[in-house]
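>
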Amino acid sequence: MNDGVSGSFGSKLSEDLNTIPEVHKKYKEDEPLFPSSLWGLSCDELDQIVESRQLPELHVGDWLIFANMGSLQEASAFKDAPRPAVCSTMSFSDWYEMQDAGVTSIEHHDEELLLRAFS
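Position in the sequence shown (from 1) plus 6 gives the number in the working numbering.
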């Protein structure tokens, strides 16, 4: 993976972080699953993100989604690896609530408005 315990998964070293990935691609029900482990990019024995999980065949560029990886889990650059891209997600109901509060664009949101609207 392009991230590990030196970045977004850093809290895995100090707490019981639930790291069960979901594959973000369509695959067939009868597609074979393989016993898999997922590792960060440091080549360190502590950089095992997922010990054992049945996953379909994955290719470079496929996405894995980890639930509840919030802002405190944002990665930083490590060694020669660039900082991974951040893709924010939210439920439709939260998005509509933000629009009702006057936030119409995530790229140009007013942080103060967000804090007021959701505190």
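From the three backbone atoms N, C-alpha and C, an ideal C-beta is built for every residue, glycine too.
H30 and L70 - do their beta-carbons sit closer together than 8 Å?
Taking the sequence shown and counting its residues from 1, the one referred to as residue 70 is at position 64. Taking the sequence shown and counting its residues from 1, the one referred to as residue 30 is at position 24. Contact: yes.
> Might you give, ordered along the chain, the residues of its own chain that have their beta carbon closer than 8 Å to the beta carbon of V61, omitting 5 neighbours on each side?
Against the sequence shown, residue 61 aligns to sequence position 55. Sequence inspection shows Leu at residue 61; the Val mentioned does not correspond to that position. Correct list, in chain order: P27, V29, L39, F40 and S42.
> How close, in whole Å, do the beta carbons of M7 and L44 come, if the pair is a contact with beta carbons under 8 Å?
For the purposes of this step, residue 7 is taken as residue 1 along the sequence shown, with counting starting at 1. For the purposes of this step, residue 44 is taken as residue 38 along the sequence shown, with counting starting at 1. The pair is a contact, with the Cβ atoms about 6 Å apart (cut-off 8 Å).
> Is L19 helix, strand or coil by DSSP?
Position 13 of the sequence shown, counted from the start, is the residue given in the question as residue 19. Note: L19 maps to helix in three-state DSSP.
> Roughly how far, in whole angstroms, is the beta-carbon of F15 from the beta-carbon of D9, given that I think they are within contact range, below 8 Å?
Here the question's residue 15 lines up with position 9 in the sequence shown. Here the question's residue 9 lines up with position 3 in the sequence shown. At roughly 7 Å, the Cβ-Cβ gap stays under 8 Å, so F15 and D9 are in contact.
> In terms of alpha-carbon separation, which member of S12, W101, G67 and S97 lies closest to A6?
Only positions 7 to 125 of the chain appear in the structure, and residue 6 is not among them; the question remains open.
> According to DSSP, what are the bridge partners of V66?
Mapped onto the sequence shown, residue 66 falls at position 60. Note: V66 sits in no beta bridge, so no partner.
> Give the DSSP-derived three-state secondary structure of S97 in the structure shown.
Looking up residue 97 in the sequence shown gives position 91. S97: coil per DSSP, three-state reduction.
> Pick helix, strand or coil for E28, following the three-state DSSP scheme.
If you number the sequence shown from 1, residue 28 lands on position 22. Three-state DSSP puts E28 in a strand.
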